[in-house]
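Only one structure is covered here, and it is reproduced in the block below.
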């Protein structure tokens with residue numbers, strides 16, 4: 010979306026961030042990872058020792074063929090990350106005691122941002138579906154990142170884990186690197202609220218309709234008048250909506266009065 | 010992970026946040042959504058008009074059977090969100106001009122947080138894989154949330170979109186609710202917002218009044234119906250105000266119909 014493109018990494022930085030999948034078993038997951046990369050503006054995919062020889066044809070990568078076609082295949086993780094200055098391993102830590110520093114995903118962005126800003130090259134490494142990164146894989150990592158999940162179900166689907174990590178990196182890294190901040194997105198909330206006079210006009214017509222419909226007994230009219238005024242301020246309709254509601258009530262009033270006459 | 014469990018929503022709040030999937034075509038995606046819910050501590054899944062009758066057996070939901078087993082199925086979105094006080098639609102806006110306020114995903118959390126904190130019930134609604142939510146679906150939404158994506162590939166995989174949204178909500182909503190803030194000053198503004206079903210009831214009576222008053226020619230009825238639904242979400246009347254307005258329109262309608270009869 011053009012509106013929010015300031016959330017994406019500048020190209021000279023996203024070109025230095027690799028997504029590395031170690032021994033993915035299901036080609037659909039490789040495709041899903043590629044699609045998430047396309048969604049969040051990342052281009053460099055590396056696949057280490059893939060299980061299926063035909064992984065590049067993964068069909069789930071709707072609209073993300075380029076990431077798949079350009080993906081590098083290597084036999085070992087060592088090879089895949091040999092050019093990287095910061096290697097970050099992903100996964101749940103529920104069942105193991107980490108040997109590296111662990112950061113929670115929301116805190117990773119500033120670290121990666123700093124590394125990219127000083128010209129470094131970063132890899133974010135994802136393990137195979139079933140058991141995640143091995144202890145040996147992790148030994149290539151400078152740090153581990155953990156996606157905060159529920160302890161009752163900590164293990165994420167591979168494609169979803171990639172999506173969540175890249176979303177976080179795309180939005181927070183660019184927050185870091187893009188100060189001064191882009192102006193707040195214009196929302197449809199920005200509407201001109203009706204002037205008090207317009208609300209009074211509307212209140213008058215609604216009151217007439219109340220009377221014509223027999224809604225408001227004479228003894229209640231003052232109270233209803235007051236409540237109606239408060240109500241309209243609470244609702245705070247835009248001037249356009251006010252005109253629209255006015256139109257409806259004018260019509261209702263006209264019909265009530267016409268019927269009134271014809272029925273007597 | 011125990012370390013980060015403070016990132017998850019407190020249970021009394023996650024039990025008031027529904028994930029709603031409208032007409033999902035692929036049961037695997039329903040399973041993926043359920044798994045992401047389990048990962049981030051959400052329990053309430055609703056499926057509207059699913060494509061496959063056997064959707065509940067989706068196998069991709071490793072470890073997330075409970076969310077699937079407990080999922081509610083309904084025929085219409087109106088029914089699924091009738092108890093909700095804040096309905097948030099998701100999707101890309103590249104190809105359409107939104108009629109509701111749009112917030113970027115990172116800014117959504119405080120809004121949802123406030124709604125949950127005051128006892129409201131929130132729905133986050135996801136459309137079908139191919140084309141996303143329809144214009145009619147969106148008319149039940151108070152606001153739209155947009156995941157900031159690359160304009161060259163804005164459309165996300167359904168399971169990944171659910172994962173990214175829930176990750177963001179689980180981590181940032183709980184940030185909000187866990188920082189002890191001074192309680193909001195009680196003002197006249199502090200009101201319980203009407204549930205979606207109450208607004209539908211009101212819309213129905215207003216429409217009848219429109220017809221009875223001859224406001225809405227047959228050719229305009231669909232458009233007016235749509236506009237009215239949006240208008241009521243913009244105004245966001247409290248449940249008390251909604252009852253009051255309903256009372257007025259019921260009276261008007263009754264009178265219009267009575268006169269109608271007596272004048273023919």
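Residue numbers (this note's numbering), protein chains in the order written: chain S, 10 to 273; chain E, 10 to 273. Backbone N, C-alpha and C fix where the C-beta goes; we use that ideal spot for every residue, glycine too. Fair warning: this is a prediction, and the values are worked out from it, not measured in the lab.
For residue i, the three-state DSSP class (helix, strand or coil)
i: residue 47 of chain S; result: helix
i: residue 211 of chain E; result: helix
i: residue 254 of chain S; result: helix
i: residue 311 of chain E; result: Look at the range of chain E in this structure, 10 to 273, and you will see that residue 311 of chain E is not part of it.
i: residue 37 of chain E; result: helix
i: residue 229 of chain E; result: helix
i: residue 99 of chain S; result: strand
i: residue 142 of chain E; result: coil
i: residue 205 of chain E; result: helix
i: residue 160 of chain S; result: coil
i: residue 219 of chain E; result: helix
From the options, residue whose alpha carbon lies closest to that of residue i
i: residue 38 of chain E; options: E/53, E/65, E/52; result: E/65
i: residue 336 of chain E; options: E/165, E/50, E/43, E/84; result: As shown, chain E starts at 10 and ends at 273. That puts residue 336 of chain E outside it, with no answer to give.
i: residue 252 of chain S; options: S/214, S/234, S/113; result: S/214
i: residue 144 of chain E; options: E/255, E/19, E/234; result: E/234
i: residue 181 of chain E; options: E/78, E/204, E/126, E/117; result: E/117
i: residue 23 of chain E; options: E/228, E/126, E/158, E/157; result: E/126
i: residue 76 of chain S; options: E/62, E/228, E/170, E/162; result: E/162
i: residue 63 of chain S; options: S/36, S/87, S/47, S/74; result: S/36
i: residue 247 of chain E; options: E/209, E/268, E/228, E/204; result: E/204
i: residue 108 of chain S; options: S/150, S/225, S/267; result: S/150
i: residue 224 of chain S; options: E/259, E/42, E/230; result: E/259
i: residue 114 of chain S; options: S/123, S/124, S/96, S/157; result: S/157
i: residue 202 of chain E; options: S/170, S/230, S/243; result: S/243
i: residue 25 of chain S; options: S/123, S/267, S/245; result: S/123
Contact set for residue i: own chain, Cβ-Cβ below 6 angstroms, skip 5 residues either direction
i: residue 142 of chain S; result: 98, 100, 136
i: residue 89 of chain E; result: 29, 55, 57, 83
i: residue 48 of chain S; result: none
i: residue 148 of chain E; result: 235, 238, 239
i: residue 226 of chain E; result: none
i: residue 274 of chain S; result: Look at the range of chain S in this structure, 10 to 273, and you will see that residue 274 of chain S is not part of it.
For residue j and residue i, believed in contact at Cβ under 8 angstroms, the rounded distance
i: residue 27 of chain E; j: residue 132 of chain E; result: 4 angstroms
i: residue 178 of chain S; j: residue 121 of chain S; result: 6 angstroms
i: residue 172 of chain E; j: residue 80 of chain E; result: 17 angstroms between Cβ atoms; not a contact.
i: residue 129 of chain S; j: residue 94 of chain S; result: 4 angstroms
i: residue 51 of chain E; j: residue 175 of chain E; result: 6 angstroms
i: residue 211 of chain E; j: residue 241 of chain E; result: 6 angstroms
i: residue 237 of chain S; j: residue 216 of chain S; result: 7 angstroms
i: residue 261 of chain E; j: residue 261 of chain S; result: 6 angstroms
i: residue 43 of chain S; j: residue 167 of chain S; result: About 12 angstroms separates the two Cβ atoms, so there is no contact after all.
N- and C-terminal bounds of the beta strand (DSSP E) containing residue i
i: residue 53 of chain E; result: 53–57
i: residue 79 of chain S; result: Element bounds for residue 79 of chain S: not the beta strand (DSSP E) but the alpha helix (DSSP H), 74–79.
i: residue 124 of chain S; result: Here residue 124 of chain S belongs to no beta strand (DSSP E); instead the alpha helix (DSSP H) covers 114–126.
i: residue 27 of chain S; result: 26–31
i: residue 132 of chain S; result: 131–135
i: residue 108 of chain E; result: It is not in any beta strand (DSSP E) - residue 108 of chain E carries neither H nor E in the DSSP assignment.
i: residue 66 of chain E; result: No beta strand (DSSP E) contains residue 66 of chain E, which DSSP labels as neither H nor E.
i: residue 152 of chain E; result: 152–155
Residue range of the unbroken alpha helix (DSSP H) whose run includes residue i
i: residue 23 of chain E; result: 20–23
i: residue 303 of chain E; result: An answer regarding residue 303 of chain E cannot be provided, because it is not within the stretch 10 to 273 covered by chain E.
i: residue 87 of chain E; result: 86–89
Own chain, CB closer than 8 angstroms to residue i, minus 5 neighbours either side, in chain order
i: residue 263 of chain E; result: none
i: residue 265 of chain E; result: 218, 221, 222
i: residue 92 of chain S; result: 130
i: residue 146 of chain S; result: 31, 86, 98, 134, 136
i: residue 112 of chain S; result: 120, 152, 153, 154, 155
i: residue 34 of chain S; result: 60, 61, 137, 138, 139
i: residue 78 of chain S; result: 65
Close Cβ partners of residue i (< 7 angstroms) along its chain, the five nearest in sequence each way excluded
i: residue 189 of chain E; result: Because residue 189 of chain E carries a pLDDT of 42, less than 50, the predicted location of this residue cannot be relied on, and no value is offered for it.
i: residue 21 of chain E; result: none
i: residue 232 of chain E; result: none
i: residue 96 of chain E; result: 90, 132, 134, 149, 150, 151, 205
i: residue 170 of chain S; result: 99, 135, 156
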